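Colleague:
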Amino acid sequence: MSQREILNPPILADLIREQARRRPDETGLIFEGRSFTYGEMNARANRAAQAFKSLGIKRGDRIVWLARNVATFWDALFGAMKIGAVMTPVNWRLAPAEVAQIIADAKPSLVVGETMFLEALEKAGGAGDVKIMTLENGGADCFDALVDAQDADEPDFAPAPEDVVVQLYTSGTTGLPKGVILPHRCYYEVGVSGEGAGVIIPQTEDETILHALPHFHVAGVNFGFMGIARSMPIIQHRQFDPAAIVKEAQGEKPLNSFFVPAMIMMIVEAAKAAGVPLDKFAGVSYGAAPMPEPLLDAAMAAMPNAVFTQFYGMTETTGGVTVLNHDGHAKGARQRVSAGRALPQCDVTIRDPSTGEELPAGETGEIVARSRFVMDGYWMNPQATGKAIRDGWYWSGDAGYMDENGFVYVVDRIKDMIISGGENIYPAEIENVLARCPGIAEVAVIGAPDEKWGEVVKVVAVKRADADLDEAGIKAFLKGKIADFKLPKYVTFMDALPRNPSGKILKTALRGEAAA
């Protein structure tokens, strides 16, 4: 295990400054064949800060970022911090009209993006009266060119712990996206907690970060910060591509990565198809969606040298509130299907969503968390903030229970629960059983309207290649494994399940189809 020091300054902008002071000539970032030292990264951040200042950007101004994972993101992010501006990365996979809606909500002073996304945005009505700059095109409004033209002097500004680092928008799976406000304070406190839990610790001195999570996702931002804090060079991929990840894994360096379970499934299958190993993975963290046990078994077998870590949390909690370490993943261990225990300096309880009362071990309710790294609130939305944070506790909207040893088990989203004839049915319970069905690649369980029962269970499945599976086969597989009232009335098949860029299945879209 590496003994390298973990840096965690109270002001996140000092992270890149300190690395530049300590390790100016060490590689901090690798992107599409080009390497950047920590000294170069800090200088580029200063140039980005000066570029923002030249455009009149000041403390508290929002900068919308609409691009894939380009290297300039880190320059802009640290540069914005150095003058107190707020980076607002937006999901480039959204429809242009949805992007325009977020821009209208964020009220930015500047929009920076890749040309193809900006052109699509313009066709949908544009970003309003906001200055727009492009990336990588070298034209008159090229942000990269503006950055290169600046000097590398440190800005004359001292950020405060309450200054906002990022404003990240929720996925919007249950409503309109909301801007989550995360200041330096949240990042410092979550860093203290993560260090106390011993997470993302490199096993060797040459271990690197393989980064393919989108920068508009809290884990995509956090994992980059973790790599820099641990002096681990970041190999930045422009976007997730399982074949490219597998190719990267054939190199000499041990890799430490963070994925959502759907990504892990695609990587394992791509490596199997290519007939190559994945033994260079030294660390695999995951979160954002449940990991079915069969997939976990396959991943641990394919990546035998990897330390596996699961995080459960939300954008609103600056990432994880619970962690399941590698030992908890041992085959046969009861807790391997849990989300782990609360992180240090974080309290997690299970409450009755109606009364707010804390529930005893084993009873299902809403997962509620309290820590110093809970968000400041939602941008310009006090009503939603007040609903989510009550008496200092963040109400997750997730249904779950806690066992007698403090392990948290996430059952489902409260809003995804099916009420059929007065019985509460949690789709994740049925999905976990179906994950063991040999012919199923992916599955989602939703409620479908029913005149008699109110709702009935509907299974939406994706078959494995060449699988001989039909509706009767799925019902037969479930018979005897779950209660009869939980058995599906309907079964349909799709080529692929709709997902948001975080890897979460869009059950709202599936329910809309079921209702229609």
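One rule links them: number in the numbering used here = place in the sequence shown (from 1) + 1446. All C-beta atoms in this analysis are idealised placements derived from N, C-alpha and C, irrespective of residue type, glycine included. As the structure is a computational prediction, the values presented were derived from the model and not from experiment.
Tell me, to the nearest whole angstrom, how far the beta carbon of residue 1931 is from that of residue 1866; I am working on the premise that it is less than 8 angstroms.
Modeller: Confirmed, Cβ separation roughly 6 angstroms.
Colleague: If you count every other CB in all the chains shown that lies within 10 Å of the CB of residue 1629, and 16 or more means buried, which is it?
Modeller: Per the 10 Å Cβ criterion, buried.
Colleague: What does DSSP give as the partner residue(s) for residue 1793 in the beta ladder?
Modeller: DSSP output for residue 1793 lists 1816 as bridge partner(s).
Colleague: Less than 8 angstroms between the beta carbons of residue 1885 and residue 1849, yes or no?
Modeller: No. Outside cutoff.
Colleague: DSSP state of residue 1939, grouped into three classes?
Modeller: Here residue 1939 sits in strand by DSSP.
Colleague: Let's see if you can read the secondary structure: which residues bound the beta strand (DSSP E) around residue 1475?
Modeller: 1473-1477 is the extent of the beta strand (DSSP E) around residue 1475.
Colleague: Could you check the C-alpha separation between residue 1572 and residue 1563 for me, to the nearest Å?
Modeller: Their Cα atoms are separated by approximately 11 angstroms.
Colleague: In the stretch 1665-1710, which residue ranges form an unbroken beta strand (DSSP E) of at least 3 residues, counting only runs that do not cross its ends?
Modeller: Those beta strand (DSSP E) runs which fall completely within the stretch 1665-1710 and span 3+ residues are 1680-1682 and 1701-1705.
Colleague: Report the CB separation of residue 1528 from residue 1583 in whole angstroms; it is logged as a contact under 8 angstroms.
Modeller: Not confirmed; about 25 angstroms, so no contact.
Colleague: Go ahead and label residue 1755 buried or exposed: buried means 16 or more other beta carbons lie within 10 angstroms of its beta carbon, across all protein chains shown.
Modeller: Residue 1755 should be labelled buried.
Colleague: Just the Cα atoms here: how many angstroms apart are residue 1735 and residue 1521?
Modeller: Looking at the two C-alpha atoms, the distance is approximately 30 angstroms.
Colleague: Quick check on DSSP: helix, strand or coil for residue 1630?
Modeller: Helix.
Colleague: Helix, strand or coil for residue 1866, going by three-state DSSP, please let me know.
Modeller: Three-state DSSP puts residue 1866 in a strand.
Colleague: Near residue 1462, what residues of its chain come up, given a Cβ to Cβ distance below 6 angstroms and the 5 sequence neighbours on each side ignored?
Modeller: If we look at residue 1462 and ignore the five residues flanking it on each side, its Cβ neighbours are 1487, 1488, 1491 and 1524.
Colleague: For a quick check, are the C-beta atoms of residue 1853 and residue 1784 less than 8 angstroms apart?
Modeller: Yes; because the gap between Cβ atoms is below 8 angstroms, this pair is in contact.
Colleague: Where DSSP assigns a beta bridge to residue 1848, which residues make up the other side?
Modeller: According to DSSP, residue 1848 bridges with 1854.
Colleague: Quick one: residues in its chain with C-beta nearer than 8 angstroms to the C-beta of residue 1607, no 5 flanking neighbours on either side, listed in chain order?
Modeller: Once the five neighbours on either side are set aside, the close Cβ partners of residue 1607 are 1456, 1457, 1629, 1630, 1631 and 1634.
Colleague: Would you tell me roughly how many angstroms separate the C-alpha atoms of residue 1776 and residue 1782, rounded to the nearest one?
Modeller: Between residue 1776 and residue 1782, the C-alpha separation is close to 7 angstroms.
Colleague: Pick out the complete alpha helix (DSSP H) segments inside the stretch 1488-1556, 4 residues or longer, and give them in chain order.
Modeller: Fully enclosed alpha helix (DSSP H) runs of 4 or longer: 1518-1529 and 1542-1552.
Colleague: Closer than 8 angstroms by C-beta to residue 1649: which residues in its own chain qualify, once you throw out the five before and the five after it? Chain order, please.
Modeller: Excluding residues within five positions, the ones whose Cβ falls inside 8 angstroms are 1447, 1448, 1700, 1728, 1729 and 1753.
Colleague: Of all the beta strand (DSSP E) runs that stay within the bounds of the stretch 1560-1600, which reach a length of 3 or more residues?
Modeller: If we require 3 residues or more, the beta strand (DSSP E) runs fully inside the stretch 1560-1600 come out as 1577-1581.
Colleague: What does the alpha-carbon distance come out to for the pair residue 1882 and residue 1740?
Modeller: Distance between the alpha carbons of residue 1882 and residue 1740: 6 angstroms.
Colleague: Take the Cβ of residue 1567 as the centre, count every other Cβ of all protein chains shown within 10 Å, and call the residue buried at 16 or more, exposed below.
Modeller: Its Cβ being crowded by 16 or more others within 10 Å, residue 1567 is buried.
Colleague: Going by DSSP, what residues sit across from residue 1760 in a beta bridge?
Modeller: Residue 1760 is bridged to 1765.
Colleague: Starting from residue 1613 and walking both ways along the beta strand (DSSP E), at which residues does that stretch end?
Modeller: Here the beta strand (DSSP E) through residue 1613 covers 1610-1615.
Colleague: Here's the rule: buried if 16 or more other CB atoms are within 10 angstroms of the residue's CB, otherwise exposed. What is residue 1592?
Modeller: Classification of residue 1592: buried, given that the 10 Å Cβ count is 16 or more.
Colleague: CA-CA distance, residue 1619 and residue 1790?
Modeller: Its pLDDT being 49, under 50, residue 1619 is placed unreliably in this model, and the value from its coordinates should be taken loosely. So the two alpha carbons sit approximately 29 angstroms from each other.
Colleague: Specify the secondary structure class of residue 1921 as computed by DSSP and reduced to three states.
Modeller: Residue state, collapsed to three classes: helix.
Colleague: Between which two residues does the beta strand (DSSP E) carrying residue 1462 extend?
Modeller: Note, residue 1462: premise wrong, no beta strand (DSSP E); alpha helix (DSSP H) at 1459-1468.
Colleague: Within a Cβ cutoff of 6 angstroms, which residues of the same chain sit near residue 1451, ignoring the five residues on either side of it in sequence?
Modeller: Cβ within range, chain order: n/a, list empty.
Colleague: Cα separation between residue 1939 and residue 1958?
Modeller: Between residue 1939 and residue 1958, the C-alpha separation is close to 16 angstroms.
Colleague: Could you check whether the stretch 1795-1808 touches the stretch 1651-1667, counting it as contact only if at least three pairs of C-beta atoms, one from each stretch, sit closer than 8 angstroms?
Modeller: Result no; under three Cβ-Cβ pairs closer than 8 angstroms.
Colleague: Residue range of the alpha helix (DSSP H) that residue 1958 falls in?
Modeller: Where residue 1958 is concerned, the enclosing alpha helix (DSSP H) stretches over 1953-1961.
Colleague: Along the chain, where does the alpha helix (DSSP H) containing residue 1783 start, and where does it finish?
Modeller: Where residue 1783 is concerned, there is no enclosing alpha helix (DSSP H), given that its DSSP letter is neither H nor E.
Colleague: Indicate the three-state DSSP secondary structure (helix, strand or coil) for residue 1648 in the structure shown.
Modeller: DSSP places residue 1648 in coil when its eight states are reduced to three.
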